[in-house]
Every structure is written in structure tokens, then in C-alpha cells.
Amino acid sequence: MSVMRVLLVEDAKDQQLIFEDVVGVFNEEYDLTVESDIAEDTSSALEKINSSYYGAIIDMKLGNDYEGGNEVVRRLHDLSIRVPVIFVTGYLDLVEDHPLIIKKRSRDADTYESDLLSFQKWHSAKETPQTYTALIRQSEEWWLGWIVEVRGVICQERTRSELLDTLQITLREILEYETPEVALRTESEAEALKASDILEFGMQGTLHQTESGFEEVEIDV
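The structure is reproduced here in C-alpha cells:
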């Protein structure tokens with residue numbers, strides 16, 4: 051049975067008790083053990099932050115600190131700790147957008163059980179190898195390529211093999227850093243990219259070409 055460590059950053063005692071009750075029930079119903087850790091204020095949350103957590107559930111206002119939740123997320127980012135964050139707060143308008151945030155909700159909009167299942171789903175997706183489509187093309191002395199399904203993966207190398215390696219590395223880094231809402235294109239966006247003339251360069255006649263002359267290559271991460 052796997053273990054999932056979750057950090058709750060919450061100053062309200064009643065919410066801490068509700069969360070602990072949910073964790074107890076969750077551990078009885080699912081083939082997964084949740085170990086909870088609680089920080090009651092900004093400073094204690096910053097002290098507890100490390101790479102052992104599967105996720106963090108954070109309140110925005112911690113005591114009199116209306117920026118507490120944002121500060122915790124910024125620290126996670128500064129330490130390169132890529133864990134999913136869920137904000138549960140009555141101050142949703144104060145939450146700064148950030149790639150680590152996978153969900154924002156008010157207290158009555160959903161449950162802690164749903165939050166824990168979101169963490170489980172997020173990590174299962176991360177641990178399961180996925181196949182993505184690269185569009186590559188040679189232009190004079192350079193090879194250039196894009197990943198169809200993910201925004202921001204655009205690379206250029208001298209050789210085809212170097213390009214594929216760089217695309218895979220860049221793709222993995224973006225997927226580790228960004229949430230799906232930020233990184234992934236919609237299906238219609240991906241199809242439009244495959245059908246478009248992305249740039250007016252390249253050589254015709256490569257294998258498995260799209261209409262725009264780019265070769266399609268599968269890349270696993």
C-alpha cells in the first residue's frame with residue numbers, strides 16, 4: 051500500500067479537525083495511506099516545506115497574514131518543489147495564479163476527500179508514461195520541432211537525434227513544472243497545429259509527413 055504525505059496549511063481549528071477526520075475515513079476506504087501534517091501559520095508552513103509531500107492544501111489568510119498562502123506557494127517554487135497545490139479559502143480573489151495550483155475552491159464548494167483524490171489522480175498521471183507527438187523538419191543545417199499536445203516545447207538542434215533528445219528533455223521539464231491546465235493544448239488546438247504551416251522552411255519528402263511537410267514522431271515521457 052502506497053503512502054501519500056499531505057501538508058494542510060490552515061489556522062482554523064475546526065477545519066484541522068474536519069481534515070483529520072476525512073483522512074481517517076479515507077485511509078479505511080481507499081488502497082492508499084494518507085499521512086497528514088498541519089501548519090497553523092505562514093512561518094511554520096515555510097519551515098515544514100520539503101520534497102516529501104505529495105500535495106499541499108492551503109488556506110489563503112493565515113492569522114492576520116492575508117498573503118500567507120501565496121507566500122507558501124512562492125517558497126515551493128523557489129525550492130523547485132513541484133507538488134500540486136489546492137487552495138481552500140474564503141479569499142479566492144487574493145490567490146495569485148501559479149502553475150503549481152491545480153484547484154481553488156471555497157470551503158463549501160467541495161470536500162477534503164475530493165482534494166485527496168485529486169492528488170492521487172495527479173500523481174498517477176505523472177507516474178504513467180505518456181506518448182506525445184512531435185512535429186519535426188529539417189531546414190538547411192538545422193532540425194526544428196514542436197510538441198503538438200503541449201505548449202512551449204519548441205526546439206532546434208543540428209541533428210535529428212539531438213533534436214528528439216532535446217524535445218523529450220524539454221517536454222519532461224515543462225510537464226513537471228506546469229499543471230495540465232497551463233501546459234496542455236486542447237484537442238482542437240493540437241489538430242490545428244498539425245494542419246498548419248508552422249514556418250515557411252524545411253525540406254519536403256520526409257517520412258510520415260503532415261500536410262505542412264513536418265514529420266510526425268512519437269515521444270514517450
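Numbering (the numbering used here), first residue to last: 51 to 271.
From the three backbone atoms N, C-alpha and C, an ideal C-beta is built for every residue, glycine too.
Keep in mind that this is a model prediction, so the values were computed, not measured.
Of the residues the options, which one's Cα is nearest the Cα of residue i?
i, options, result
"Tyr141", "Ile131, Leu112, Leu166 and Asp160", "Leu112"
"Glu223", "Asn77, Ile108 and Val271", "Val271"
"Leu221", "Val232, Glu117, Leu166 and Ile269", "Ile269"
"Gly195", "Thr181, Glu212 and Gln180", "Glu212"
"Asp115", "Asp91, Leu129, Leu96 and Gly105", "Asp91"
"Asp158", "Val84, Ile68 and Glu146", "Ile68"
"Glu190", "Pro179, Gln206, Arg155 and Val59", "Gln206"
"Glu265", "Phe76, Ala184, Pro179 and Asp109", "Ala184"
"Leu129", "Gly74, Glu146, Ser101 and His173", "Ser101"
"Thr83", "Asp64, Ser52, Ala95 and Lys63", "Ser52"
Shorter than 8 Å from the beta carbon of residue i to some beta carbon of chain C?
i, result
"Asp215", "Absence of chain C from the displayed structure is noted, only one protein chain being present."
For residue i, which residues from the same chain have a beta carbon less than 8 Å from its beta carbon, with the 5 sequence-adjacent residues on both sides left out?
i, result
"Arg210", "Ile186, Gln188 and Trp193"
"Glu250", "In this prediction, Glu250 has a pLDDT of 42, which is less than 50 and means its spatial position is unreliable; what the coordinates show is noted afterwards. Within the same chain, Glu250 has no close Cβ partners at all."
"Thr161", "Val72"
"Glu78", "none"
"Arg235", "Val198, Glu199, Val200, Arg201 and Leu243"
"Ala62", "Asp109"
"Thr181", "Glu268, Ile269 and Asp270"
Note down, in chain order, each residue of its chain lying with its Cβ closer than 7 Å to the Cβ of residue i, except the 5 sequence neighbours on either side.
i, result
"Tyr103", "Arg55, Val56, Leu57 and Val133"
"Pro149", "Tyr227, Glu228, Thr229 and Val232"
"Phe169", "Met54, Val56, Tyr104, Gly105 and Pro134"
"Glu163", "Val72 and Phe76"
"Ile144", "In the sequence under discussion, the amino acid at residue 144 is Leu, which differs from the Ile named in the question. Cβ within range, chain order: Met110 and Tyr116."
"Gln218", "Ile269 and Val271"
"Glu70", "Ser86"
"Asp173", "The identity of residue 173 in the sequence shown is His, whereas the question assumes Asp. Excluding residues within five positions, the ones whose Cβ falls inside 7 Å are Tyr104."
Using a threshold of 8 Å, state whether the C-beta atoms of residue i and residue j are closer than that.
i, j, result
"Val267", "Ala240", "no"
"Gln66", "Ile88", "yes"
"Ile107", "Ile131", "no"
"Val200", "Val122", "no"
"Glu146", "Asn120", "yes"
Determine the extent of the beta strand (DSSP E) in which residue i is found, giving its start and end residues.
i, result
"Thr83", "Leu82 to Ala89"
"Glu266", "Glu265 to Asp270"
"Ala106", "Gly105 to Ile108"
"Ile136", "Val135 to Val138"
"Ser52", "Ser52 to Val59"
At which residues does the alpha helix (DSSP H) containing residue i begin and terminate?
i, result
"Ala245", "Glu237 to Ala245"
"Ala184", "Premise fails: Ala184 lies in the beta strand (DSSP E), Thr181 to Ser189, not in any alpha helix (DSSP H)."
"Glu226", "Arg210 to Tyr227"
"Leu234", "Careful: Leu234 lies outside any alpha helix (DSSP H) and carries neither H nor E."
"Leu142", "First-last for Leu142: undefined, no H or E at that position."
"Lys63", "Lys63 to Glu79"
Within its chain, find whatever has a CB closer than 6 Å to the CB of residue i; leave out the 5 residues flanking it on each side and keep chain order.
i, result
"Pro179", "Asp270"
"Thr139", "Asp109 and Met110"
"Leu214", "none"
May I ask whether a heavy atom of the ligand ZN can be found less than 7 Å away from the beta carbon of residue i?
i, result
"Thr183", "This structure does not include the ligand ZN; it has no bound ligands of any sort."
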